[in-house]
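In numbering that gives the first Met the number 0, the protein residues as written are 0 to 265.
Notes for the one structure printed next.
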Amino acid sequence: MRCLIAAVAAFGFSASIAMAQSCGDGASGFEAWKSEFAAVAAASGVGERGLAALASASYSNATIRLDRAVQRERRSFDEIWQVRGGEQLARQGRERYAANRNFYDALEAQYGVPGYYLAAIHGWETNYGSDLRFVEIPIVSAITTVAYDCRRPELFIPHAIGALLLVDQGRLGSNDLGAGHGEIGHTQFLPGNALQYGIDGNGDGRVDLNEWPDALASTANFLARNGWQRGGGYAKGQVNFDVMFAWNRGENYRIGVARVADLIGG
Ligand SMILES: [Ca+2]
Numbered sequence: 000m001r002c003l004i005a006a007v008a009a010f011g012f013s014a015s016i017a018m019a020q021s022c023g024d025g026a027s028g029f030e031a032w033k034s035e036f037a038a039v040a041a042a043s044g045v046g047e048r049g050l051a052a053l054a055s056a057s058y059s060n061a062t063i064r065l066d067r068a069v070q071r072e073r074r075s076f077d078e079i080w081q082v083r084g085g086e087q088l089a090r091q092g093r094e095r096y097a098a099n100r101n102f103y104d105a106l107e108a109q110y111g112v113p114g115y116y117l118a119a120i121h122g123w124e125t126n127y128g129s130d131l132r133f134v135e136i137p138i139v140s141a142i143t144t145v146a147y148d149c150r151r152p153e154l155f156i157p158h159a160i161g162a163l164l165l166v167d168q169g170r171l172g173s174n175d176l177g178a179g180h181g182e183i184g185h186t187q188f189l190p191g192n193a194l195q196y197g198i199d200g201n202g203d204g205r206v207d208l209n210e211w212p213d214a215l216a217s218t219a220n221f222l223a224r225n226g227w228q229r230g231g232g233y234a235k236g237q238v239n240f241d242v243m244f245a246w247n248r249g250e251n252y253r254i255g256v257a258r259v260a261d262l263i264g265g
């Protein structure tokens, strides 16, 4: 619960309001929940455009199917490595890292996160962007569905608020598409993190996480601001493995990224 309080505090609304919010296990309660949540959103500073996006959000059955499939995941690390094609990710990563070395080195100099580690996250998240069209669900519908769902509302409510604030600021369209849980762009930022950590990495004056340099710079920014130790290890048992928990709680995920990173540049 500490995470929720920290996260909601970051968006400037009361944790007690968020925790009073009801939840549901199917589509039937979603409309009533949206009315309730509109008050929470308004109290958190969401304006007219964001509230209109909330009003037009639909319960996403596809999101819930994916969420339950992830929950049932019981494969071993070796099986996951095979299915994800870890060796292939590393080969592609080495090419990308070499071809864009100045960009990766600049990120490492500024944020302390090795460029090959950022490349490994990029590979593991979206196969370097080639999986971006794999699952496409309207972001606002996906994130409000998991914020409403009883499984992990405390995790997703701040990101639902974040999505509505992004709409409000004109940085997200109410029908823009993302992944299963409303993740955005090349490194699959949840909307609240996109709002908080998104930066312009290619210098065109816009933050667009569907452009890989912006996504990687934003990822480096996220990790630095969540305690990444420059020069610290990222293998299990080392300091940055734990820092990565803020990015992804899954242990196999963090082990997989570490192994790809070692193969790219270690
Ligand atoms: Ca940009």
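For glycine and all other residues, C-beta sits at the position ideal for the given N, C-alpha and C.
The structure presented is a predicted model; accordingly, all values stated were derived computationally and were not measured.
- Express the C-alpha separation of G181 and P157 in angstroms, rounding to a whole number. So the alpha carbons of these two residues sit roughly 12 Å apart.
**Request:** Determine the direct distance from the alpha carbon of A119 to that of A6, and round the result to whole angstroms.
**Result:** Residue placement at A6 is flagged as unreliable, the pLDDT there being 43, under the threshold of 50; the coordinate-derived value follows with that caveat. Their Cα atoms are separated by approximately 27 Å.
### Task
Note down the Cα distance separating M0 from E47, rounded to an integer number of angstroms.
With a pLDDT of 31 at M0, under the threshold of 50, the predicted position of this residue should be treated as unreliable, and no value is reported.
- prompt: In terms of residue numbering, what span does the alpha helix (DSSP H) encompassing Q91 cover?
  reply: Annotation: the continuous alpha helix (DSSP H) that includes Q91 extends over 85-98.
- prompt: Straight-line CA distance for A9 to N101?
  reply: With a pLDDT of only 48 at A9, under the threshold of 50, the placement of this residue in the model should not be trusted; the figure read from the coordinates follows. Cα to Cα, A9 sits roughly 33 Å from N101.
Coil, strand or helix - P113 by DSSP: Coil at P113, not helix or strand.
Using three-state DSSP, classify F188 as helix, strand or coil. strand
Q | Per-residue DSSP class, three states only, for L176 | A | strand
How far does the alpha helix (DSSP H) with L222 in it extend, from its first residue to its last? Per DSSP, the unbroken alpha helix (DSSP H) holding L222 starts and ends at 211-224.
Collapsed DSSP secondary structure at D148 in the structure displayed: strand
With a CB to CB cut of under 7 Å and the five nearest residues on each side skipped, what residues in its chain are close to S59? Excluding positions up to five away in sequence, the list reads I136, S140, A141, T144.
> Is G255 near ligand 1, in the sense that its beta carbon is under 8 Å from a heavy atom of that ligand?
Replying inline: No, ligand 1 has no heavy atom inside 8 Å of this Cβ.
- With burial defined as no fewer than 16 other Cβ atoms inside 10 Å of the residue's Cβ, what is the status of F12: buried or exposed? Caution is warranted here: a pLDDT of 49 is assigned to F12, below 50, making its placement in the model unreliable, and the coordinate value is therefore given only provisionally. When all chains shown are included, F12 counts as buried.
request  = Going by CA-CA distance only, name the one from Y115, Q81, Y196 that's closest to A245.
outcome  = Y196
- Item | C-alpha distance - N192 paired with G231, whole-angstrom precision | 23 Å
Provide the residue span of the alpha helix (DSSP H) that contains A31, from first to last.
29-42
Q.
For a test of the three-state rule: what should DSSP assign to G161, helix, strand or coil?
A. helix
*asked:* Tell me the rounded alpha-carbon separation between W227 and S217.
replied: If you draw a straight line from the Cα of W227 to the Cα of S217, it is about 14 Å long.
Measure how close the beta-carbons of Q20 and E30 come, nearest whole angstrom, since I'm counting them as under 8 Å.
Contact doesn't hold; Cβ gap of about 15 Å is too wide.
Since I136 sits in a beta bridge, which residues does DSSP pair it with?
In DSSP, I136 forms a bridge with G177.
- Message: Nearer than 8 Å: is that true of the beta carbon of G128 relative to any heavy atom of ligand 1?
- Response: no
Self-check item: alpha helix (DSSP H) segment containing Q70, residue limits
Solution: 60-71
| Can you tell me where the alpha helix (DSSP H) with R48 in it begins and where it stops? | 47-54
What residues are listed by DSSP as bridge partners for I183? In the DSSP output, where bridge partners are listed per residue, I183 has F188.
Item checked: Whole-angstrom distance between G236 and R253, CA atom to CA atom -> 11 Å
Quick check on D275: buried or exposed, where buried means 16 or more other Cβ atoms within 10 Å of its Cβ?
Nothing in the structure corresponds to residue 275, since the chain is present only between 0 and 265.
So, with DSSP's three-state summary, where would you put G128? In the three-state reduction of the DSSP assignment, G128 falls in the coil class, being assigned neither a helical nor a strand state.
(Q) Please list the terminal residues of the continuous alpha helix (DSSP H) segment that includes Y252. (A) Unbroken alpha helix (DSSP H) run through Y252: 250-264.
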